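Residue numbers (UniProt numbering): 1 to 359. All residues carry an ideal CB built from backbone N, CA and C; glycine is no exception. Computed from a predicted model, the values in this text were never measured in an experiment. Structure record follows, encoded as structure tokens.
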Amino acid sequence: MELMRAVVAEELRRPMEVVDVPIPDIGDDDVLVRPSASGICRTDWHVWNGDWTWCGLTLPLPITLGHEIGGVVERVGADVRRFKPGMRVCVPFNFADGDCPYCRKGLSNLCDNASWGFTTPGSGGFAQFARVPNADLNCVALPANVTEKDGAALGCRYMTSFRAVRSRAQVQAGETVVVVGDGGVGRSAVQIAAAMGALVVAIDTKDSALDASRAMGASHTINSSGLTPEEVRESLNALVGSRGADVAIDAMGGRNSTLTSLHALAKGGRLCVAGLTTQDDQGEVALPIDLMVFREWSLVGTLGNPHADYPELLRLVDSGKLQPSRLITEEVALGDVQSIFDRMPTFETEGFVVVTDFN
1 MELMRAVVAE ELRRPMEVVD VPIPDIGDDD VLVRPSASGI CRTDWHVWNG
51 DWTWCGLTLP LPITLGHEIG GVVERVGADV RRFKPGMRVC VPFNFADGDC
101 PYCRKGLSNL CDNASWGFTT PGSGGFAQFA RVPNADLNCV ALPANVTEKD
151 GAALGCRYMT SFRAVRSRAQ VQAGETVVVV GDGGVGRSAV QIAAAMGALV
201 VAIDTKDSAL DASRAMGASH TINSSGLTPE EVRESLNALV GSRGADVAID
251 AMGGRNSTLT SLHALAKGGR LCVAGLTTQD DQGEVALPID LMVFREWSLV
301 GTLGNPHADY PELLRLVDSG KLQPSRLITE EVALGDVQSI FDRMPTFETE
351 GFVVVTDFN
């Protein structure tokens with residue numbers, strides 16, 4: 001039996017350890033990927049913490065987490081046609097079957113039979129090898145100028161922001177875009193919206209995060225610590241005028257960030273929610289429905305990114321217009337994953353922390 005090193009979660013909220021486990025077997029439609037870089041996303045911490053059970057999400061234990069993978073194909077199943085050993089790939093977190101009505105419409109992110117990289121046994125990125133099911137659909141080849149670190153950065157947070165900004169909020173050049181929450185999703189949204197020609201205002205409670213957003217292209221920042229949504233709007237008015245923002249991206253999820261995002265909008269403004277709630281709200285946020293009617297605010301959600309949209313995203317990264325690897329703030333080893341998790345409850349991590357040492 002061939003073994004590999006992997007970070008294994010045995011129980012929720014219990015410290016994880018690096019142990020030797022069997023290398024995953026692959027089926028005829030699968031590939032085995034050797035990760036070169038694997039992002040430590042806050043989503044991994046949330047599911048390890050037992051969050052989102054109110055959405056029906058449960059974590060099969062024991063399991064190896066990690067769902068932002070850039071790496072190299074090691075082995076291919078007998079029926080795989082698009083990939084060969086040695087090819088560089090990224091692995092989006094949302095695995096689809098390619099056959100359901102949503103997949104046939106190009107919306108693989110909404111697949112009726114979806115599985116997630118952070119809940120699929122054998123597919124976790126905090127390991128020396130990861131299995132990718134239905135690989136001809138669920139693996140994405142990297143162009144020449146896109147590194148495996150770029151690929152890891154694209155696997156969840158960046159591609160979620162890409163869909164939020166480009167498709168769901170439909171940001172246009174010259175529009176004012178407010179991004180609430182400067183974590184991995186928010187900082188990605190700032191970079192993407194700025195690259196599309198929008199005037200971006202970043203809102204967060206930490207000055208260090210706001211400084212990073214300026215480096216990613218934000219024209220203005222607001223420290224919202226201690227401010228009500230209405231007070232944040234007053235600060236926004238002082239920066240961009242009383243009309244407000246055309247678009248808001250809620251990159252956090254939860255009552256305060258959603259209300260802050262809504263109150264930032266101009267009449268006819270568009271809010272895209274890209275974050276999920278926590279134990280505080282457990283999926284339920286009260287909305288100012290009357291204001292939404294009188295001001296014709298629109299609200300949409302966004303989930304991941306359809307595989308069909310990856311060619312455009314990769315073209316923009318390949319050309320240098322988008323630069324996901326600029327969001328990488330730390331590179332760590334497999335044995336550091338738990339210590340990164342330990343820093344997440346108090347928001348001590350910023351940007352993208354990526355595993356690059358798998359020994």
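- Report buried or exposed for K267, applying the criterion of at least 16 other Cβ atoms within 10 angstroms of its Cβ. Along the sequence shown, one-based indexing puts residue 267 at 267. K267 should be labelled exposed.
- Taking only the alpha-carbon atoms, compute the straight-line gap between R233 and L265 and give it to the nearest angstrom. Your numbering for residue 233 matches position 233 in the sequence shown. Your numbering for residue 265 matches position 265 in the sequence shown. C-alpha separation (whole angstroms): 9 Å.
- Helix or strand or just coil, what does DSSP make of G186? Locating residue 186 in the sequence shown gives position 186, where the first residue counts as 1. DSSP places G186 in helix when its eight states are reduced to three.
- Query: Within 10 angstroms of its Cβ, does M216 collect 16 or more other Cβ (buried), or is it exposed?
  - Reply: As a first step, residue 216 is located in the sequence shown; it is residue number 216 there, counting from the start. Classification for M216: buried.
- Query: So is L239 buried or exposed if we call it buried at 16+ other beta carbons inside 10 Å?
  - Reply: Stepping through the sequence shown from its first residue, residue 239 is reached at position 239. Under this definition L239 is an exposed residue.
- How would you call R315, buried or exposed, if buried means at least 16 neighbouring beta carbons within 10 angstroms? Along the sequence shown, read from residue 1 onward, the residue named residue 315 stands at position 315. So R315 ends up on the exposed side.
- Message: Tell me the rounded alpha-carbon separation between T176 and E2.
- Response: Position 176 of the sequence shown, counted from the first residue, corresponds to residue 176. Position 2 of the sequence shown, counted from the first residue, corresponds to residue 2. The straight-line gap from Cα to Cα measures roughly 54 Å.
- Message: Quick check on T120: buried or exposed, where buried means 16 or more other Cβ atoms within 10 Å of its Cβ?
- Response: Taking the first residue of the sequence shown as position 1, residue 120 is located at position 120. Counting Cβ neighbours within 10 Å, T120 comes out buried, since at least 16 surround it.
- Query: Taking the C-alpha atoms as reference points, what is the distance between K206 and G155?
  - Reply: What you label residue 206 is simply residue 206 of the sequence shown in a count that begins at 1. What you label residue 155 is simply residue 155 of the sequence shown in a count that begins at 1. Taking the straight line joining both Cα atoms gives about 26 Å.
- By Cβ distance, which residues of its chain are closer than 6 Å to F95, with the 5 residues on each side in sequence left out? As a working mapping, residue 95 is identified with position 95 in the sequence shown. Contacts found: S115, P133 and N138.
- To the nearest whole angstrom, what separates the beta carbons of L322 and A195, a pair I think is in contact under 8 Å? Your numbering for residue 322 matches position 322 in the sequence shown. Your numbering for residue 195 matches position 195 in the sequence shown. At roughly 6 Å, the Cβ-Cβ gap stays under 8 Å, so L322 and A195 are in contact.
- Item | Pair within 7 Å by beta-carbon distance, R214 and D136 | Taking the first residue of the sequence shown as 1, we reach residue 214 at position 214. Taking the first residue of the sequence shown as 1, we reach residue 136 at position 136. Taking 7 Å as the Cβ cut-off, R214 and D136 do not qualify as a contacting pair.
- Item | As assigned by DSSP and simplified to three states, the class of E11 | The count along the sequence shown starts at 1 and reaches residue 11 at position 11. It is coil, neither helix nor strand.
- Task: Taking only runs that begin and end inside the segment 144-182, name each unbroken alpha helix (DSSP H) of 4 or more residues, in chain order.
- Result: 148-153 and 159-163
- Query: Out of R88, D250 and W54, which has the shortest C-alpha to C-alpha gap to A274?
  - Reply: Within the sequence shown, the letter at position 274 stands for residue 274. Checked all of R88, D250 and W54; the closest Cα to A274 is D250.
- Message: Taking contact to mean 3 or more Cβ pairs, one atom from each stretch, closer than 8 Å, check whether the segment 98-110 and the segment 294-310 are in contact.
- Response: yes
- Item | Residues near N256 in its chain [Cβ-Cβ closer than 8 Å; skip 5 each side] | As a working mapping, residue 256 is identified with position 256 in the sequence shown. P229, listed in sequence order.
- Among G301, G269, L291 and R270, the one whose alpha carbon lies nearest that of G283: Here residue 283 refers to the residue found at position 283 when the sequence shown is read from its first residue. Answer by Cα proximity: G301.
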